[in-house]
Amino acid sequence: MIRLALMLIFLAGSLTAQESEPRMDYERLGNILFALDPDAQPHGPGFQMTVSDELVLVVIDSNADRMRAMVPIRSAEGLTSEDMQRMMQANFDSTLDARYAIANGMLWAAFIHPLSSLEKDQLISGLAQTVNIAKTYGSLYSGGAQQYGGGDSENLQRDLIDELLKKGEEI
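Residue numbers (this note's numbering): 1 to 171.
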C-alpha cells in the first residue's frame with residue numbers, strides 16, 4: 001500500500017513537471033518580448049522595447065536570478081511629499097505587481113521578479129501593469145488589472161493586459 005501511494009505521488013509529480021513551463025532564461029524571455037514587439041532590441045544585459053507607445057527596458061541578471069522591467073516616467077526632481085505619499089498608497093493597493101520607484105534621479109514604473117520561476121503570462125501581465133502605472137501616473141496610479149472602487153478607465157487599462165496576453169498565446 002505504501003509503495004502504491006509513493007508511486008502515485010511520483011507519477012503526479014512527473015505529470016505536473018511535464019505540464020509546467022520551461023524555466024525562464026535570457027533566450028526564452030527574449031522570444032516572448034520579440035513576439036510582443038517585433039522591433040524590440042537587445043540592450044546591454046536585457047532588451048529595449050515599446051509597449052503602447054512607452055519605452056520599456058528589461059534587464060536580466062542570471063547570476064542573481066532576477067529580472068526587472070522598467071518604464072521611465074519623469075525626473076524625480078520636484079516630486080512633492082504629496083506625490084510620494086500617493087505613489088506609496090498606490091504601491092500598496094492599486095499598482096498590483098508593478099511599483100513606482102526612484103533610481104538615478106528618475107521616477108520609474110518597475111516590475112521585478114525572480115527570472116527562473118517567471119512564467120510567460122506573469123511576464124506579459126507584469127509588463128502591461130508597468131506600462132499602465134506609467135501612463136496613469138498623476139491620475140489613477142493603477143496597474144489596470146483591478147480597480148478598487150471602479151471608474152471609467154478600468155476597461156481601458158485592462159485592454160492593454162488583454163491585448164498583450166493575446167499576443168503571447170502563440171508563444
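Glycine included, each C-beta is placed from N, C-alpha and C at the ideal position.
Practice problem: State buried or exposed for Arg-23, treating a residue as buried only when at least 16 other CB atoms are found within 10 Å of its CB. | Solution: Exposed is the call here.
Quiz prompt | Euclidean distance between Cα positions of Asp-37 and Asp-61 | solution = 21 Å
Quiz prompt | Residues that Tyr-137 bridges to, as DSSP identifies them | solution = Looking at the DSSP assignment, Tyr-137 forms no beta bridge with any residue, so it has no partner.
Practice problem: Enumerate in chain order the residues of its own chain whose CB-to-CB distance from Tyr-26 is below 7 Å, with the five nearest sequence positions on each side excluded. | Solution: Ile-60 and Ser-62
Quiz item: Given that a residue counts as buried once 16 or more other Cβ atoms are within 10 Å of its Cβ, and exposed if not, what is Ala-64?
Solution: Counting other Cβ atoms within 10 Å of its Cβ, Ala-64 stays below 16 and is therefore classed as exposed.
Quiz item: Roughly how many whole angstroms lie between the Cα atoms of Leu-79 and Phe-92?
Solution: 19 Å
Quiz item: In terms of residues, what are the limits of the alpha helix (DSSP H) holding Glu-169?
Solution: Taken as a continuous stretch (DSSP letters only), Glu-169 belongs to no alpha helix (DSSP H), as it is neither H nor E.
Exercise. Report the partner residues of Glu-54 according to the DSSP bridge assignment.
Key: Paired residues: Val-51.
Practice problem: Name the two residues that bound the continuous alpha helix (DSSP H) containing Ser-81. | Solution: 81-93
Quiz item: Whose C-beta lies closer than 8 Å to the C-beta of Gly-150 among residues of the same chain, with five residues either side of it excluded?
Solution: Low local confidence applies: a pLDDT of 45 at Gly-150 is under 50, so the model's placement there is unreliable, with the coordinate-based value given in what follows. So no residue of the chain qualifies.
Quiz item: Around the C-beta of Ala-103, are 16 or more other C-beta atoms found within 10 angstroms, so that it is buried, or is it exposed?
Solution: exposed
Quiz item: Measuring CB to CB, does Leu-160 end up less than 8 Å from Ser-52?
Solution: Yes.
Quiz item: Which residue from Gly-144, Gln-85 and Arg-28 puts its Cα closest to that of Gly-126?
Solution: If we check each option's Cα against that of Gly-126, Gly-144 comes out closest.
Quiz item: Are there 16 or more other CB atoms within 10 angstroms of the CB of Met-88, so buried, or fewer, so exposed?
Solution: Exposed, by the Cβ-count rule.
Exercise. Compare the C-alpha of Val-56 against each of Tyr-141, Glu-169, Gln-129 and Leu-165 and name the closest.
Key: Gln-129
Quiz item: In the structure shown, what three-state DSSP assignment does Leu-96 receive?
Solution: coil
Quiz item: So Ile-73 and Ala-134 are in contact, right, with Cβ under 8 Å, and what is the actual spacing, rounded?
Solution: 5 Å
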